[in-house]
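Okay, so here's the structure we're looking at.
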Amino acid sequence: METKLAILGAGPGGYVAAIKAASKGIRVTLIEKENLGGTCLNHGCIPSKIMKNSSDLFLKAKNTAQFGVNINGDISFDINTLMQRKEKVLENQRKGIEALLKKNSVHYVKGKGYIKDKGLINVELNNGGIKNIEFDKLIIATGTKPLNMKTFPFDHKTILSSNDLLKLDTIPESITIVGGGVIGCEFAFILSGLGSKVTIVEARDRLLPLPSVDKSISKVLQREMKKKKIKIITGKVVEKADKNDNYLKLTMGKSPFLDNDKIKNTPQQIIECEKMAVCVGRTPLASEIGLENIGLNRDEKGWIKVNNSLETDIKGVFAIGDILGPLKIMLAHVASHEGMVAVDNIMGKSSRMQYNAVPGAIFTSPEIGTVGLSEIEAFEKGMDIKSYTVNFRTVGKAQAIGEIAGEAKIIIEDKTEKIVGVHIIGPHATDLISEGTLAVTKGLTVSDLAHTIHAHPTLAEIMWEVALKASRNPLHS
Ligand code: FAD
4 METKLAILGA GPGGYVAAIK AASKGIRVTL IEKENLGGTC LNHGCIPSKI
54 MKNSSDLFLK AKNTAQFGVN INGDISFDIN TLMQRKEKVL ENQRKGIEAL
104 LKKNSVHYVK GKGYIKDKGL INVELNNGGI KNIEFDKLII ATGTKPLNMK
154 TFPFDHKTIL SSNDLLKLDT IPESITIVGG GVIGCEFAFI LSGLGSKVTI
204 VEARDRLLPL PSVDKSISKV LQREMKKKKI KIITGKVVEK ADKNDNYLKL
254 TMGKSPFLDN DKIKNTPQQI IECEKMAVCV GRTPLASEIG LENIGLNRDE
304 KGWIKVNNSL ETDIKGVFAI GDILGPLKIM LAHVASHEGM VAVDNIMGKS
354 SRMQYNAVPG AIFTSPEIGT VGLSEIEAFE KGMDIKSYTV NFRTVGKAQA
404 IGEIAGEAKI IIEDKTEKIV GVHIIGPHAT DLISEGTLAV TKGLTVSDLA
454 HTIHAHPTLA EIMWEVALKA SRNPLHS
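Just so we're aligned, residue 4 is where the sequence shown starts under my numbering, counting upward by one.
Written as structure tokens, this is what we have:
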């Protein structure tokens, strides 16, 4: 008998699972309450990169003289054109997904899904009415929304979420970004490039304070931010936000996340700014979907728990993507991959999700690409490792394009010389990390990489150079 699969949420987790399952002959109903593409396409990856592209172009246009290109006259930036372009790209992408769903005969239902009982979902249709969807198997892929803080909730005018930043109609003269994680750091560069005076506040002692991001990356990032006049405040938290007529007054105090007394005892600090963006995390969209009706419990933070096959405690009910929380890595490509693994298991295969070689792409300036273990993670696992670093300034292509800031670090297991981690900050690092991902996924050694011919002159030569260095045969470094 044909399996009936219902999928709740059409982000990169849900829609990819739907296409894969339908292409294998499963009868799929995909339920989405907003737009196809989820957070990634509508409020995340794609719109933020469209903004970054304009910000980078604007900065480049102002700095062409050093390359012998003189632009005479004013160079100005028009946010309306940027936002119109953004909407056009998003609409095209959404249409593309809809066409793929149609081609694969996915039954797409526009509305808010609610699990009514085992095997039954009620959908409150966007155009009115209720539709019942029966299922044999279910994939929950409902994702997250920005975390709203009780002390200073979003008012969407002066206290903004990341969603609001993607819909700005003017560039604020000054903005404080609370949270120095991936989203906060990306927006710091975007807004600074577009002319805003940016301050970034992070409660921990470094920006990007994630175990998977090597400390040396944070160091280079902070140096590059300072060059762009972005003000960095670490080891403090914003305690209060007072709204005045035209500006916000933020009071910052001790961070509960640090035990370093020196930082803890620093005095209160006040900063004034036009707007504030709160980028301190995400909340799971799992409380209003009827999980209790099938007896599905969540963990203490509200994330859904699954086994390695991505099945929940309830047989036949799977969960994928951001709804699984940060321990399973909240990235679009992880959600899509999980979608494929879940479908394999629904089809009776025995597929397991592996998280040891997930690339991370951070679109700061310069960009960051990471994969595998950081030095801290390797030490915590008790591994004997060695690490080698090469600076981009030793790479001919980096000199040619005038982007020499940054480095590539390779972490290898001492005994086997297997590559267990790669951490790059520099031009096109988000593309360059693919080679490191292949190396970590396939358990390649430094010798494998050193014996791979890399084209010249390319930025990818940094991977060759760092492998040569790790093989004790450095050439240019
Ligand atoms: P989502 O994309 O959140 O999709 C879930 C969908 O479920 C949503 O469309 C929602 O409307 C729908 N839904 C929820 N409840 C219901 C219901 N009851 N009924 C029907 N539908 C429902 N990741 C990267 O890999 N690279 C990046 O560069 C990147 N940049 C980002 C930038 C920003 C500003 C943000 C916020 C995120 C970024 N991310 C990035 C993260 C990425 O967006 C997420 O990891 C990804 O979208 C998660 O996919 P998902 O399918 O699990 O959930």
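For glycine and all other residues, C-beta sits at the position ideal for the given N, C-alpha and C.
The ligand FAD never approaches Arg301 closely enough for any of its heavy atoms to be under 8 Å from the residue's Cβ. Straight-line spacing of the CA atoms in Ala335 and Leu462 works out to 25 Å.
Excluding sequence positions up to five before and after Lys23, its CB lies within less than 8 Å of the CB of Gly342, Met343 and Val346, all in the same chain and listed in chain order.
At the C-beta level, Leu194 and Ser58 come within 9 Å of one another. Around the ligand FAD, the residues selected by a Cβ distance under 5 Å to any of its heavy atoms are Gly12, Gly14, Pro15, Gly16, Ile34, Glu35, Lys36, Glu37, Gly41, Thr42, Cys43, Gly47, Cys48, Ser51, Lys115, Gly116, Ala144, Thr145, Gly146, Ser165, Ile186, Leu288, Ile292, Gly324, Asp325, Met333, Leu334, Ala335 and Ala338, following chain order. Taking the Cβ atoms as the reference, Lys55 lies roughly 5 Å from Phe366, within the contact range of under 8 Å.
Judged by DSSP in its simplified three-state form, Arg97 adopts helix.
DSSP, read as helix, strand or coil, puts Ile49 in helix. With fewer than 16 other Cβ atoms inside 10 Å of its own Cβ, Tyr358 counts as exposed. According to the DSSP secondary-structure assignment, Asp245 is paired through a beta bridge with Lys252. Closest option to Ser221, judged by alpha-carbon separation, among His479, Lys65 and Ser368: Ser368.
Under the Cβ criterion (8 Å, minimum of three pairs), the stretch 188-203 counts as touching the stretch 228-238. Bounds of any beta strand (DSSP E) do not take in Ile74, whose DSSP letter is neither H nor E. DSSP places Met343 in no beta strand (DSSP E) but in the uninterrupted alpha helix (DSSP H) bounded by Ala335 to Ile349. Using a Cβ-Cβ distance cut-off of 8 Å, the stretch 370-390 and the stretch 203-210 are not in contact, since fewer than three pairs of beta carbons, one from each stretch, lie closer than that value. When the Cα atoms are used, Trp467 and Leu376 turn out to be separated by approximately 19 Å.
Asp167 sits close to Ala280, with the two beta carbons spaced by under 9 Å. Rounded to the nearest angstrom, the Cβ distance from Thr254 to Lys140 is 51 Å, too far for a contact under 8 Å. C-alpha of Ala453 to C-alpha of Lys472: approximately 9 Å in a straight line. If you draw a straight line from the Cα of Ser480 to the Cα of Ile388, it comes to about 21 Å. Ala144 is positioned such that its CB atom lies closer than 9 Å to that of Ile10.
The beta carbons of Ala21 and Glu227 sit no closer together than 9 Å. Between the stretch 279-296 and the stretch 147-156, the count of Cβ pairs shorter than 8 Å is three or higher; the stretches touch.
The alpha-carbon of Asp77 is positioned some 9 Å away from that of Lys65.
Boundaries of the alpha helix (DSSP H) around Leu194: Val185 to Gly196. Note: Cys276 is bridge-paired with Leu251 in the DSSP secondary-structure output.
Residue pairing from DSSP places Ser177 in a beta bridge opposite Lys200. The stretch 322-331 and the stretch 300-310 touch, with no fewer than 3 CB-CB distances between them shorter than 8 Å. According to DSSP, residue pairing for Asn394 in a beta bridge involves Glu410.
Across the set Ile133, Lys105 and Pro362, the C-alpha of Ile133 shows the shortest separation from the C-alpha of Lys115.
Taking the Cα positions, Ile162 is about 29 Å away from Asn129. According to the DSSP assignment, Phe321 belongs to the beta strand (DSSP E) that extends over Val320 to Ala322. The closest CA to that of Gly446, considering only Lys121, Gly424, Ile456 and Lys384, is found on Gly424.
Between Val241 and Thr179, the CB-CB gap stays under 9 Å. The Cβ atoms of Met356 and Ser312 lie closer than 9 Å to each other.
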